[in-house]
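Residue numbers for the sequence shown follow my numbering, beginning at 344 and rising by one.
Comments concern the structure below.
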Amino acid sequence: MMNKLYVLGGEGNGLVIAAAIDRNNDDLDIAFLNDVDEVGSTIGIYKTIPVEGKTDEITDLIKQEGCKVISAYGGFTNPAKTLERLLSINVPDDKWLTFIDKTAIVPLKYCGIGKDTFIGPLSQLSPNVTIGDHCSLFGNCFVGHDSKVGDFCHLATNSVVGSNVTIGKGVHIGTNCSIREKVTIGDYSIIGAGAVVVKDVPDNAVVVGNPAKVIKYRE
Numbered sequence: 344m345m346n347k348l349y350v351l352g353g354e355g356n357g358l359v360i361a362a363a364i365d366r367n368n369d370d371l372d373i374a375f376l377n378d379v380d381e382v383g384s385t386i387g388i389y390k391t392i393p394v395e396g397k398t399d400e401i402t403d404l405i406k407q408e409g410c411k412v413i414s415a416y417g418g419f420t421n422p423a424k425t426l427e428r429l430l431s432i433n434v435p436d437d438k439w440l441t442f443i444d445k446t447a448i449v450p451l452k453y454c455g456i457g458k459d460t461f462i463g464p465l466s467q468l469s470p471n472v473t474i475g476d477h478c479s480l481f482g483n484c485f486v487g488h489d490s491k492v493g494d495f496c497h498l499a500t501n502s503v504v505g506s507n508v509t510i511g512k513g514v515h516i517g518t519n520c521s522i523r524e525k526v527t528i529g530d531y532s533i534i535g536a537g538a539v540v541v542k543d544v545p546d547n548a549v550v551v552g553n554p555a556k557v558i559k560y561r562e
């Protein structure tokens, strides 16, 4: 039984994830941990959620019975460094929460979903889909059959991933993107909002447009 949830994050993705989980679990006590906001402050305009500590404090806090943790770290700016930071806190596997919104369509017997992964409202997975660890699929995402999403990937609202697509680790897929079937997206790439990806994308590339083209590479 879970009665306490620590969300690693705060404003933005953190509040989106917290609100979705709260809507599905009315009796859950939720708090933020991060290294930016002052401990004792709150986040939110309407319903507020307290900041109860710094990220590294999770090591001791998760020893509590009935405690779980989920990360809301974004990977847009420096995903490799952020993933390294996330892995460094050494949360036991059984303490990570994988959350699937009650409105999502996920055939669990036919999919593999990693630890610390958030699947948001109205999202849909097809059979033989594999989602890695520490991923976030926000509202109304779709992933087609036999596709693989690597660790620490973020799919923004209304993303559409076709069938037999391979997405590397640390990839950010922007709002309203479409990725054609049988495409491979390289590690740590960014797919700009509204892009239509019809061919493979190299590692560390930033692609935009319809059809999507590489405009630069991450350093």
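In this text, a Cβ means the ideal position worked out from N, Cα and C, and glycines have one as well.
Open item on the list: Alpha carbons only, please: which of His515, Leu440, Ser490 and Asp437 is nearest the one belonging to Cys454?
Closed with: Ser490
Task: Three or more C-beta pairs below 8 Å linking the region 443-459 and the region 467-475 - done: yes
Task: Continuous beta strand (DSSP E) assignments of at least 3 residues falling wholly in the region 366-419 - done: 372-376, 392-396 and 410-414
Task: Which listed residue (Gly352, Arg561, Asn356 and Lys347) has its alpha carbon closest to that of Gly463 - done: Asn356
Task: Residue(s) in a DSSP beta bridge with Ile528 - done: Ile510 and Val544
Task: Separation of Gly529 from Pro545, as counted between CA atoms - done: 5 Å
Task: Chain-order list of residues whose beta-carbon lies under 6 Å from that of Ser521 (same chain, five-residue window excluded) - done: Val503 and Val539
Task: Residue-level contact to chain C via CB, Gly511, 8 Å cutoff - done: No chain C is present in this structure, which holds just one protein chain.
Task: Euclidean distance between Cα positions of Phe481 and Ile516 - done: 11 Å
- [ ] Kindly indicate the opening and closing residues of the alpha helix (DSSP H) around Lys452.
- [x] Per DSSP, Lys452 belongs to no alpha helix (DSSP H) and is neither H nor E.
Task: Per DSSP, cross-strand counterpart(s) of Thr441 - done: Note: Thr441 sits in no beta bridge, so no partner.
- [ ] Using a threshold of 8 Å, state whether the C-beta atoms of Ala536 and Asn519 are closer than that.
- [x] yes
Open item on the list: If you follow the beta strand (DSSP E) that Lys424 is in, where does it begin and where does it stop?
Closed with: Note, Lys424: premise wrong, no beta strand (DSSP E); alpha helix (DSSP H) at Pro422 to Ser431.
Open item on the list: Going by C-alpha to C-alpha distance, which of Val359, Ser479, Tyr531 and Pro393 sits closest to Lys424?
Closed with: Tyr531
Task: Residues near Ala548 by beta carbon distance below 7 Å, same chain, minus five either side - done: Gly529, Ser532, Val557 and Tyr560
Task: Residue range of the beta strand (DSSP E) that includes Leu351 - done: Lys347 to Leu351
Open item on the list: Quick check on Val359: does DSSP put it in helix, strand or coil?
Closed with: helix
- [ ] Between the Cα of Tyr416 and those of His497, His488 and Cys484, spot the shortest distance and give me the residue it belongs to.
- [x] His497
Open item on the list: Please classify Ser466 as buried or exposed, where buried requires at least 16 other C-beta atoms within 10 Å of its C-beta.
Closed with: buried
Task: Inter-residue Cα distance where the pair is Val412 and Val541 - done: 37 Å
Open item on the list: Could you pull the DSSP bridge partners for Phe461 from this structure?
Closed with: Phe442 and Ser479
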